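One structure is given below, encoded as structure tokens.
Numbering (this note's numbering), first residue to last: -9 to 111.
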């Protein structure tokens, strides 16, 4: 699991690959369709897709003469579970900190302003 999680996060570290994933959330697309908006070669996009495929984020199918790229959304469940675990831990720490700060505030006597001096003659 950690190996796949590492591969997923490493694959998503690249902004082009994140953009490809975002575009694949809308619909499957061919490599040529995915390469259209970029000023790089189809081969460069294929390399990005290979990284995403190795991480388990996408698969390539076969429909007639085309090979559409498909987003494997289940991988996001793995990422979400990992992130959620640490989010819950952080929330628990913040709740404990809030409790300590509230306790300190309850124990601290109110501050009184220093006495002011009268007008000088």
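Ideal Cβ positions, reconstructed from N, Cα and C, are used throughout, including at glycine. Since this is a predicted model, take the numbers as computed values, not measurements.
Given 8 angstroms, three or more beta-carbon pairs between the segment 32 to 43 and the segment 81 to 97:
In short, these stretches do not touch, since the Cβ pair count stays below three.
Of the listed residues 17, 39 and 16, nearest to residue 25 (C-alpha basis)
Ranking 17, 39 and 16 by CA distance to the CA of residue 25 puts 39 first.
| request: Starting from the Cα of residue 18, find the closest Cα among 103, 44, 51 and 71 and give me that residue. | output: Nearest C-alpha to residue 18 among 103, 44, 51 and 71: 51.
Fill in: Proximity to residue 65 [Cα-Cα], best of 11, 37 and 6
Ranking the options by Cα distance to residue 65, first place goes to 11.
- Supposed contact pair residue 20 and residue 59 - C-beta distance, whole angstroms, cut 8 angstroms: With 8 angstroms as the limit, residue 59 and residue 20 qualify as a contact, their Cβ atoms being about 7 angstroms apart.
For a test of the three-state rule: what should DSSP assign to residue 19, helix, strand or coil? Three-state result, residue 19: strand.
Handout entry: Cα-Cα separation between residue 97 and residue 91, rounded to whole angstroms
Key = Using only the alpha carbons, I get a separation of about 10 angstroms.
Practice task
Would you list the one or two residues that DSSP bridges to residue 61?
Solution key: In the DSSP output, where bridge partners are listed per residue, residue 61 has 48.
* To do: In angstroms with no decimal places, state the Cα-to-Cα distance between residue 44 and residue 75.
  => In a straight line, the C-alpha of residue 44 is about 25 angstroms away from that of residue 75.
Can you give me the C-alpha to C-alpha distance between residue 0 and residue 63, rounded to a whole angstrom?
The straight-line gap from Cα to Cα measures roughly 17 angstroms.
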